[in-house]
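*Asks:*
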Amino acid sequence: MISPKSAETRFADKSLPTTAALIAISVVLAWAIARLPLPAAVGLVVLPAILLLTLARPLFGLGVALLLGPFGALESVILGNPILDSGQIALMVTLLAWIGAGLARRRLAIPATTFNLPWLLFFFIAALSLLDAYAIAPGLAELLKWLEIALLVWLILDIAEWPTSSYPAVMRLSLAMLLLAGLVQALIGIWQFGLRGTGPEHFMVLDRFYRAYGTFEQPNPFGGYMNLTAMLALGTVMGLLAVWRERRRGRSGDDRLQSDHLRPFSGWLIYTLVCAVAASLGLVLSWSRGAWLGFLAGVAVLALFSTRHVRRGLGLLLVAAVMVSALLSFGATAGIGPARAVIDRLGGFRDEFTLGDVRGVDINDANFSVLERLAHWQAATDMARDDLWTGVGFGNYESAYADYALINFTAALGHAHNYYLNLLAEVGLPGLLAYMFFWLAVMGQSVWLIRRLAWPERGVAVGLLAAWVALAVHHLVDKLYVNNIYVHLGVMLGLLQLLVWPGFWVEDARGRQPDETGSRVG
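Start counting the sequence shown at 112; every next residue gets the next number (my numbering).
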């Protein structure tokens, strides 16, 4: 009689083929690494490691997507418009890892947030506009951007609910990743402006420098991206300094207004301060008037909400405005080149915001860029006039432009250089109103949270609000949902929804503070 195999023997029999396969794969990989050129060998090692880490920790993949996203425009120049850039590939892998983890836990649900309804309203109206669009493909591409924004918000909130995670931990990691991605681009832009010594001739400013553009290949979207990082970093610095100030004063009675979720404190202060300075400098060096105008609006928000007393904030705002104006005026009067250049640069805004019929206007080198922008605004208003309720189709401005182009401005630039007119042309008045309702809801939620959050999370919320305002102002002269900036925005919106967790609020900052697993302690 033959006795049955023991469990250990059966396990050994099954594991032998697996072990042999792993050994064979290891040998092949080692041989390939030894034979391949160094860049390919590094990629062969690094890419599988990134994939495995993303599958285990989707937030790691999200950080990779944030870092790689801004390189999309550069990759298009080098590789010739690939279907997916590296940032989108990293994002797809991250989303699949998150969905797979949810299915494995048998828990995959859309978190209930204030974000959902306004987003759904705009998404629905934008989708309806494609029923009679010039082309479906560009509309689907724009819809995909907004779907990615929503998925990122839900991913961040869902991961914060995982048993192995927590709201403070996800908040810290999201904030750190957003700032790191911006810091990388800021350093590239600073290098391009004055350290590289060369650049595109049409980017030259001040006779010897070149406008910063990062890996965006254009200074204007780079400046808008820098605004998002600068506002978030400056707001966080403001929150950390508020905590530091109260601790220096030894006002223990105000402990309930503070939290210690951003720790170590000194490390966060140094990191955010470096990011704030670098991003602000990168923004200035982009020489983008739209970004400058957005920055001024964002700084006004920071000043207004820098204290819990609105009157003090208004006072600080007034003092800051007077000081900046005085410095620029003094510099221009004294003949300081950069100050005069900034005033001349900002002075051109008046001409660019003059609506009217540009047909028949004499064109020269001095006014061409202004007239080109106004011609696109005129084309957008003509599109809206022809179809006020449904527009020409979401993402279809460029497709419809040939039917509305002025004789001297036949080149479609991709958008109307005013996102509000662009939306009015593409999705009609209902779509524009839905878009404005979405961002007003986001800003309203930000203000609501600012009144309830403890420092330094209050500073994070103020920085987010300043970023929304800077984005809204910059959109008066540009479109910033390009080159994966919307991925950055999706994570920022997710960060805002994280702050709804009561553990960040004033009444829970001390005493009955939730621990990092969400349960009450104290």
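For glycine and all other residues, C-beta sits at the position ideal for the given N, C-alpha and C.
So is G174 buried or exposed if we call it buried at 16+ other beta carbons inside 10 Å?
*Replies:* The residue in question, G174, is buried, as its Cβ has 16 or more Cβ neighbours within 10 Å.
*Asks:* Quick one: what's got a C-beta closer than 7 Å to N639's C-beta in the same chain, skipping five residues either side?
*Replies:* Residue 639 falls outside the range modelled here, since the chain spans only 112 to 633, and no answer is possible.
*Asks:* Which residues share a DSSP beta bridge with Y321?
*Replies:* In DSSP, Y321 forms a bridge with M315.
*Asks:* Taking the alpha carbon of N331 as the reference point, which residue from W403, L286, L482 has its own alpha carbon closest?
*Replies:* The residue with the shortest Cα to Cα distance from N331 is W403.
*Asks:* Using three-state DSSP, classify L294 as helix, strand or coil.
*Replies:* It is helical.
*Asks:* Could you check if F235 is buried or exposed, using at least 16 other CB atoms within 10 Å of its CB as the buried criterion?
*Replies:* Label assigned to F235: exposed.
*Asks:* For A408, collect the residues of the same chain with a Cβ closer than 7 Å to its Cβ; drop the 5 residues on either side in sequence, then sort them by chain order.
*Replies:* Only V580, A581, V584 meet the Cβ criterion.
*Asks:* Name the DSSP beta bridge partners of F520, please?
*Replies:* DSSP lists L517 as partners of F520.
*Asks:* The alpha helix (DSSP H) with E568 in it runs from where to where?
*Replies:* Start and end: 568-585.
*Asks:* Need the endpoints of the alpha helix (DSSP H) that P169 sits in, please.
*Replies:* Residues 169-179.
*Asks:* Find out if the Cβ-Cβ distance for the pair M337, S417 is shorter than 8 Å.
*Replies:* Cβ distance not < 8 Å, so M337 and S417 don't count as in contact.
*Asks:* Determine the direct distance from the alpha carbon of L415 to that of L286, and round the result to whole angstroms.
*Replies:* Whole-angstrom Cα-Cα distance: 22 Å.
*Asks:* Taking the C-alpha atoms as reference points, what is the distance between L609 and I210?
*Replies:* Taking the straight line joining both Cα atoms gives about 19 Å.
*Asks:* When the cut-off is 8 Å and only beta carbons count, does V611 lie next to chain C?
*Replies:* Of the protein chains in this structure there is only one, and it is not chain C.
*Asks:* Quick one: give me the first and last residue of the alpha helix (DSSP H) that F376 is part of.
*Replies:* Start and end: 376-396.
*Asks:* Starting from the C-beta of G310, find all residues in its chain whose C-beta is less than 8 Å away, skip the five residues before and the five after it, and write them out in chain order.
*Replies:* Q303, Y321, R322.
*Asks:* Starting from Y508, trace the alpha helix (DSSP H) in both directions and tell me its first and last residue.
*Replies:* Y508 -> alpha helix (DSSP H) spans 508-511.
*Asks:* According to DSSP, which residues form a beta bridge with L564?
*Replies:* Answer by DSSP bridge pairing, in chain order: W616.
*Asks:* To the nearest angstrom, how far is the alpha carbon of H599 from that of G334?
*Replies:* Going from the Cα of H599 to the Cα of G334 covers about 14 Å.
*Asks:* Where do the ends of the alpha helix (DSSP H) carrying I187 lie?
*Replies:* Just to set this straight, residue 187 is Ser in the shown sequence, not Ile. Counting along the chain, the alpha helix (DSSP H) containing S187 begins and ends at 183-190.
*Asks:* Let me confirm a value: V571 is counted as buried when at least 16 other C-beta atoms fall within 10 Å, else exposed. Which label applies?
*Replies:* Result: buried.
*Asks:* For W265, I'd like the list of residues in its chain whose CB is within less than 7 Å of its CB, leaving aside the five on either flank, ordered along the chain.
*Replies:* Cβ within range, chain order: I221, P222.
*Asks:* Hey, out of M282, T326, I200, whose CA is closest to W379's CA?
*Replies:* Ranking the options by Cα distance to W379, first place goes to M282.
*Asks:* With K256 as the anchor, note down where its alpha helix (DSSP H) starts and where it stops.
*Replies:* K256 -> alpha helix (DSSP H) spans 247-271.
*Asks:* Where do the N-terminal and C-terminal ends of the alpha helix (DSSP H) with H487 fall, by residue?
*Replies:* H487 -> alpha helix (DSSP H) spans 479-497.
*Asks:* Under the rule that 16 or more other beta-carbon atoms within 10 Å means buried, what is V634, buried or exposed?
*Replies:* Outside the shown range of the chain (112 to 633) lies residue 634, about which nothing can therefore be said.
*Asks:* Measuring CB to CB, does D493 end up less than 8 Å from Y515?
*Replies:* Their beta carbons are under 8 Å apart, which means D493 touches Y515 by this criterion.
*Asks:* Starting from T205 and walking both ways along the alpha helix (DSSP H), at which residues does that stretch end?
*Replies:* Run containing T205: 197-215, per the alpha helix (DSSP H) assignment.
*Asks:* Buried or exposed: E568, going by 16 or more other Cβ atoms within 10 Å of its Cβ?
*Replies:* Looking at its Cβ environment, which holds 16 or more other Cβ atoms inside 10 Å, E568 is buried.
*Asks:* Would you kindly report the start and end of the unbroken alpha helix (DSSP H) that includes Q608?
*Replies:* First-last of the alpha helix (DSSP H) with Q608: 596-609.
*Asks:* If you drop the 5 nearest sequence neighbours on each side, which residues of the same chain put their C-beta closer than 6 Å to that of I299?
*Replies:* Cβ within range, chain order: G325.
*Asks:* Thinking C-alpha only, which one of A237, K256, A184, T224 is nearest M203?
*Replies:* With distances taken between Cα atoms, M203 lies closest to K256.
*Asks:* Quick one: give me the first and last residue of the alpha helix (DSSP H) that A220 is part of.
*Replies:* Taken as a continuous stretch (DSSP letters only), A220 belongs to no alpha helix (DSSP H), as it is neither H nor E.
*Asks:* Nearest-angstrom Cα distance between Q199 and M554?
*Replies:* Between Q199 and M554, the C-alpha separation is close to 27 Å.
*Asks:* For W355, name the three-state secondary structure that DSSP assigns.
*Replies:* If DSSP states are grouped into helix, strand and coil, W355 belongs with the helices.
*Asks:* With DSSP collapsed to three states, give me the class of Y336.
*Replies:* Looking at Y336 - three-state DSSP - the assignment turns out to be helix.
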